[in-house]
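Colleague: Before I ask anything, here is the structure I am working with.
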Amino acid sequence: MRVLKGDLVEVITGEDRGKKASVLRILPRKDKIVVEGINQVYKHLRRDRKNPQGGRLQKEAAIPMSNVLPVCPKCDHGVRVGYLAKEDGKKVRVCRTCKTEVGKPF
């Protein structure tokens, strides 16, 4: 996967286009991710003993993985990533434009 949990990503389409935030969760079977503060929706809560008032809870909803790009620390914007194997056998993601390592190795 080109995006991992904890990565800084930039949203490239939709209502939150241009915003940068970190990845909270990855849903690989659905090919979606949950990004902090992006695609906020309201969940309506029914009254119960724990929550006698009821109300609305604002939370992040999943967005398609194709709508985000990892942020390169050198370029400081969303970039396409390539993969490179280091001498010690670790596979790392690299920026396609400046060849800088993006995020942590696998």
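Residue 80 in our numbering sits at position 80 of the sequence shown, with consecutive numbering throughout.
Just so it is clear, CB atoms sit at the ideal spot from N, CA and C, and this is done for glycine as well.
Predicted model, so just to flag it, every value in this text is computed and none were measured.
Could you spell out the range, first to last residue, of the beta strand (DSSP E) harbouring residue 43?
Modeller: For residue 43, the enclosing beta strand (DSSP E) covers residues 40-45.
Colleague: Grab me the residues of residue 60's own chain with a C-beta within less than 8 Å of its C-beta, minus the 5 sequence neighbours each way, in chain order.
Modeller: Taken in chain order, the residues that qualify are 24, 34, 35, 36, 37, 38, 39, 40 and 41.
Colleague: The beta strand (DSSP E) that contains residue 21, what's its start and end?
Modeller: 20-27
Colleague: Using C-beta distances below 7 Å, list every residue in its chain close to residue 98, excluding the 5 sequence neighbours before and after it, in chain order.
Modeller: 72, 74 and 75
Colleague: Using the rule of at least 16 other Cβ atoms within 10 Å of the residue's Cβ for burial, across every protein chain shown, is residue 103 buried or exposed?
Modeller: buried
Colleague: So if DSSP puts residue 70 in a beta bridge, which residue, or which two residues, is it bridged to?
Modeller: 9
Colleague: Might you give, ordered along the chain, the residues of its own chain that have their beta carbon closer than 7 Å to the beta carbon of residue 12, omitting 5 neighbours on each side?
Modeller: 67, 68, 69 and 78
Colleague: CA-CA distance, residue 20 and residue 81?
Modeller: 17 Å
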